[in-house]
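**Student:**
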Amino acid sequence: MTRLSGYFLPTERQPPGDAEAVSHKLMVRAGLIRQVGAGLWTYLPAGWRAHQKAAQIAREELDAIGAHEMSMPVLQPAEAWKRTDRYKIEELFKLRDRKGAELVLAMTHEEALTVHVAQVVRSYRDLPLILYQIQTKERDEPRPRAGVLRTREFVMKDSYSFDRDLEGLEASYDKHAAAYDRIFDRAGLETYRVEADVGMMGGLGGHEYMAPCAAGEDEVAIGRGYAANVEVARARARPVELAPALDAPEEVSTPGQTTVAQVAGALSVAEGALLKAFPVVVEERGTVLVVVRGDHRVNEVKLGKALGAPFRSAHSEEIARSIGPPGFIGPVGADVEILLDEGVGEGSYVAGANRPETHLRGVVPGRDFAAQRADVRRVEAGDLVDGGEIRIEPAIELAHIFKLGTRYTEPLAATYLDEQGSEQLVWMGSYGIGPARVCAAAIEQYADEQGISWPRSLAPFDVELVGRGRPGTDEHALAERLYDELRSAGLDVLYDDRDAGPGEKFTDAELLGCPLRLTVGRRTLAAGEVEVQVRRGREARSAPLDGTAEAVAKLWRTLP
RNA sequence: CGGGGCGUGGCGCAGCCUGGUAGCGCGCGGCCUUUGGGUGGCCGAAGUCGCCGGUUCAAAUCCGGCCGCCCCGACCA
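Read in order, the letters of the first sequence are residues 1334 to 1893 in the working numbering.
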């Protein structure tokens, strides 16, 4: 029974003054969420309905691959987190109970579940297993943002697979990938599965499911048959016009010209005809000079992998001491390890001379300096993958799936006995979806001037019924009757029975964004049919007065 | 953590520079009006001006400290 007159749906004409993202503004304006603190949000009834629809889609598809739902506590003893070496993570909330015992608020549940599996699983006969929950996660985010997109507390559908070996893990992983494809297809979103960085989870690799939209915090490189997070994307650089070769590097005076743009301008060459030097200090290794093409940027995730150790950019005193005057450094004659990006093609480049106010031209990698090669640059729009150009779009990370391998089962001693009776480590995967982000992404992707336009699978209600006319009138009686009939036909109906003007009701309905809006008033009686608006596109339709509910239910099933 | 900004009825904002009665729009309550795109009118309720301290006869306003929130960056399963 959802009559708007008695519902808790506080719509606002104006968005919060500090909101930027479309989904943030609209979720607040439409009465779906309210803020409690930084990164802490209450879901009001309609918002929670949408969230629950996203969660339910995930639940159904997980159940369909043989996963079993369960529930674990958020508040946990710190001990297992110490064993997996994750107690040190800054985002992990840590606290003590009255006895002084160390506890954490779980940011994910690998530890808790693996402890159980370690206790319960004895034999290869107990595997494989896929277990999941839909439950709260806590993370002390350095910067919560954009409404519900990045919060300190949020719900996650987190599932975990346990297999006897890598082959089993691959199979469980593939099941999840297929289930996730179905989930996002059902959610009505445009998404890409992309190669991803594994970050703090560790393990053998993973994929993210990304939904392109303006508010996204990540960037995705998308090409024909290719999609990857920019953090890990690899592509072939578009060629650049280089200066003619010289027999040997030649000094040119470049007073005060410390940026690629300045030097390229002064020498009338393309920025890509320069070599850009990026000095870093690598733990237990010292300074390394990373060199990329002048029009390229260093990708720190890729660089970290190439270096195989933590690093930071060098301070200017360190640069001056170990390489040359900042702004004029280059690989030629630099007495440090040099890492040359693979995007630097053969030919003759301009580079810093390691002398004040001076650059060199005619620098040929390999001839004039020796370097290790690695792919450490950020891909750029227009780079080529399989002959096709890529584009780069901002996107929301909706889900992340990981092949964890034995990253957690080893420290937590989750083992089983194989057919030969020998003890083996369990192979593990973990898989997360954020229903809140699914909802926010849907809003971001489909909102228009009037407000939200939900995919039918996520909408808090299938139909909003706008009643005109006061109690006692024929049109009011008709609206009441249709409300009952629509619900009997299996539709979720929000009935706007408020004593309010038509403009207010229509505006609120379009702000909330249910896929269909029905209007019942005097015109309905006169015309003998009910006016129906399809929210996506705001297209006007009609339904007969006889059998309205069936006609509306049928129409609903055809919607995106 | 670095940079920038904001905190004044439920929401959005002005007032602060130059100290002296706390204001506007929307919303809210009552009456009338209107009833297919936020109708119009009259009346009314509602604010410790984020908190603490200081200066002053007097502080929303000036000074100091703290807290909260937002944005950019860093960071981020």
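By construction, the Cβ of each residue, glycine as well, lies at the ideal position given by its N, Cα and C atoms.
(1) Should the segment 1743-1759 be called in touch with the segment 1814-1829, which here means at least 3 C-beta pairs below 8 angstroms?
(2) Contact check, Gly-1480 vs His-1357 under 8 angstroms by CB: the rounded distance?
(3) Comparing C-alpha positions only, which one of Ala-1822, Ala-1859 and Val-1799 sits nearest to Arg-1831?
(4) Report the option in Asp-1430, Lys-1887 and Tyr-1764 whose CA atom is closest to the CA atom of His-1442.
(5) Taking all protein chains shown into account, do 16 or more other C-beta atoms lie within 10 angstroms of the C-beta of His-1648, making it buried, or fewer, making it exposed?
(6) Can you tell which of Val-1683, Glu-1670, Ala-1411 and Gly-1685 has the C-alpha that lies nearest to the C-alpha of Gln-1705?
(7) Ile-1398 by DSSP, collapsed to three states: which one?
(8) At what residues does the alpha helix (DSSP H) containing Pro-1410 begin and finish?
(9) CA-CA distance, Pro-1572 and Glu-1423?
(10) Compare the Cα-Cα distances from Leu-1373 to each of Ala-1769, Leu-1888, Glu-1650 and Lys-1887 and report the closest residue.
(11) How long is the line joining the alpha carbons of Val-1623 and Leu-1673, rounded to whole angstroms?
(12) Beta carbon of His-1540, beta carbon of Ala-1548: below 8 angstroms?
(13) Give me, in chain order, the residues of the same chain whose beta-carbon lies closer than 8 angstroms to that of Val-1615; leave out the 5 immediate sequence neighbours on both sides.
(14) Could you check what DSSP says for Gln-1753 in three-state terms: helix, strand or coil?
(15) For Glu-1722, which beta-bridge partners are listed by DSSP?
(16) Note down the Cα distance separating Gly-1721 from Tyr-1525, rounded to an integer number of angstroms.
(17) If you follow the alpha helix (DSSP H) that Leu-1499 is part of, which residue opens it and which one closes it?
(18) Please check the pair Gly-1627 and Leu-1600, which I expect to be a contact at CB under 8 angstroms, by giving their CB distance rounded to whole angstroms.
(19) With distances taken between CB atoms, is the gap from Val-1718 to Tyr-1559 smaller than 8 angstroms?
(20) From Ala-1439 to Leu-1342, what distance separates their C-alpha atoms?
(21) Are three or more beta carbon pairs between the segment 1381-1399 and the segment 1446-1455 nearer than 8 angstroms?
(22) Ignore the nearest five residues each way along the sequence and tell me which others in Gly-1666's own chain have a CB closer than 6 angstroms to its CB.
(23) Is there contact here, the segment 1846-1856 with the segment 1865-1877, by at least three beta-carbon pairs under 8 angstroms?
(24) Does the Cβ of Gln-1590 have 16 or more other Cβ atoms within 10 Å, making it buried, or fewer, making it exposed?
(25) Note the first and the last residue of the continuous alpha helix (DSSP H) segment covering Trp-1889.
(26) Using the rule of at least 16 other Cβ atoms within 10 Å of the residue's Cβ for burial, across every protein chain shown, is Thr-1447 buried or exposed?
(27) Going by DSSP, what residues sit across from Val-1683 in a beta bridge?
(28) Assess contact between the segment 1414-1434 and the segment 1722-1732, defined as three or more Cβ pairs (one per stretch) separated by less than 8 angstroms. Is contact present?
(29) What does a CB cutoff of less than 7 angstroms around Arg-1472 pick up in its chain, not counting 5 residues either side in sequence?
(30) Can the beta-carbon of Ser-1494 be found closer than 8 angstroms to that of Ile-1463?
(31) Taking 8 angstroms as the limit between beta carbons, can you name the residues of its chain near Arg-1362, skipping five residues before and five after?
(32) Figure out for me which residue from Ala-1653, Pro-1461 and Pro-1577 has the closest Cα to the Cα of Val-1683.
(33) My output table needs one value for Ser-1649: the three-state DSSP class, helix, strand or coil.
(34) So Glu-1726 and Val-1553 are in contact, right, with Cβ under 8 angstroms, and what is the actual spacing, rounded?
**Tutor:** This is what the structure gives:
(1) Touching, no, given that fewer than three Cβ pairs across the two stretches are closer than 8 angstroms.
(2) Indeed they touch by this definition, with Cβ atoms about 3 angstroms apart.
(3) Taking Arg-1831 as reference, the option from Ala-1822, Ala-1859 and Val-1799 with the minimal CA-CA separation is Val-1799.
(4) Ranking Asp-1430, Lys-1887 and Tyr-1764 by Cα distance to His-1442 puts Tyr-1764 first.
(5) His-1648 comes out exposed.
(6) Out of Val-1683, Glu-1670, Ala-1411 and Gly-1685, Glu-1670 has the C-alpha closest to the C-alpha of Gln-1705.
(7) In the three-state scheme derived from DSSP, where H, G and I count as helix and E and B as strand, Ile-1398 is classed as coil.
(8) Premise fails: Pro-1410 lies in the beta strand (DSSP E), 1408-1410, not in any alpha helix (DSSP H).
(9) Distance between the alpha carbons of Pro-1572 and Glu-1423 is about 42 angstroms.
(10) Per the Cα distances, Ala-1769.
(11) Rounded to whole angstroms, Val-1623 to Leu-1673 spans 6 angstroms at the Cα level.
(12) Going by C-beta atoms, His-1540 is not nearer than 8 angstroms to Ala-1548.
(13) Val-1621, Leu-1640, Ala-1642, Pro-1643 and Phe-1644, listed in sequence order.
(14) Look at Gln-1753 here: in three-state DSSP terms it is coil, with no helix or strand label.
(15) Beta-bridge analysis with DSSP links Glu-1722 to Leu-1717.
(16) Gly-1721 and Tyr-1525: Cα-Cα distance of roughly 17 angstroms.
(17) Looking at the DSSP string, the run of the alpha helix (DSSP H) that includes Leu-1499 is 1499-1519.
(18) Gly-1627 to Leu-1600, Cβ: 11 angstroms. No contact.
(19) Yes, they are a contact pair.
(20) Spanning the two alpha carbons is a distance of roughly 32 angstroms.
(21) With a cut-off of 8 angstroms, the segment 1446-1455 and the segment 1381-1399 do not count as touching, because too few Cβ pairs lie within range.
(22) Asn-1687.
(23) Counting C-beta pairs closer than 8 angstroms gives three or more between the segment 1846-1856 and the segment 1865-1877, which meets the contact rule.
(24) That one is buried.
(25) Residue range 1881-1890 is occupied by the alpha helix (DSSP H) that includes Trp-1889.
(26) Flag for Thr-1447 reads buried.
(27) Beta-bridge partners of Val-1683 (DSSP): Leu-1607.
(28) Taking 8 angstroms as the limit for Cβ pairs, the verdict is that the segment 1722-1732 does not touch the segment 1414-1434.
(29) Glu-1424, Met-1440 and Arg-1485.
(30) Pairing Ser-1494 with Ile-1463 gives a Cβ-Cβ distance under 8 angstroms.
(31) Leaving aside the five residues that flank Arg-1362 on each side, the residues in its chain whose CB is nearer than 8 angstroms to its CB run, in chain order, Thr-1344, Glu-1345, Arg-1346, Gln-1347, Pro-1348, Gly-1784 and Leu-1844.
(32) Of the candidates Ala-1653, Pro-1461 and Pro-1577, the one whose C-alpha sits nearest the C-alpha of Val-1683 is Pro-1577.
(33) Of the three classes helix, strand and coil, the one that applies to Ser-1649 here is helix, per DSSP.
(34) Indeed they touch by this definition, with Cβ atoms about 6 angstroms apart.
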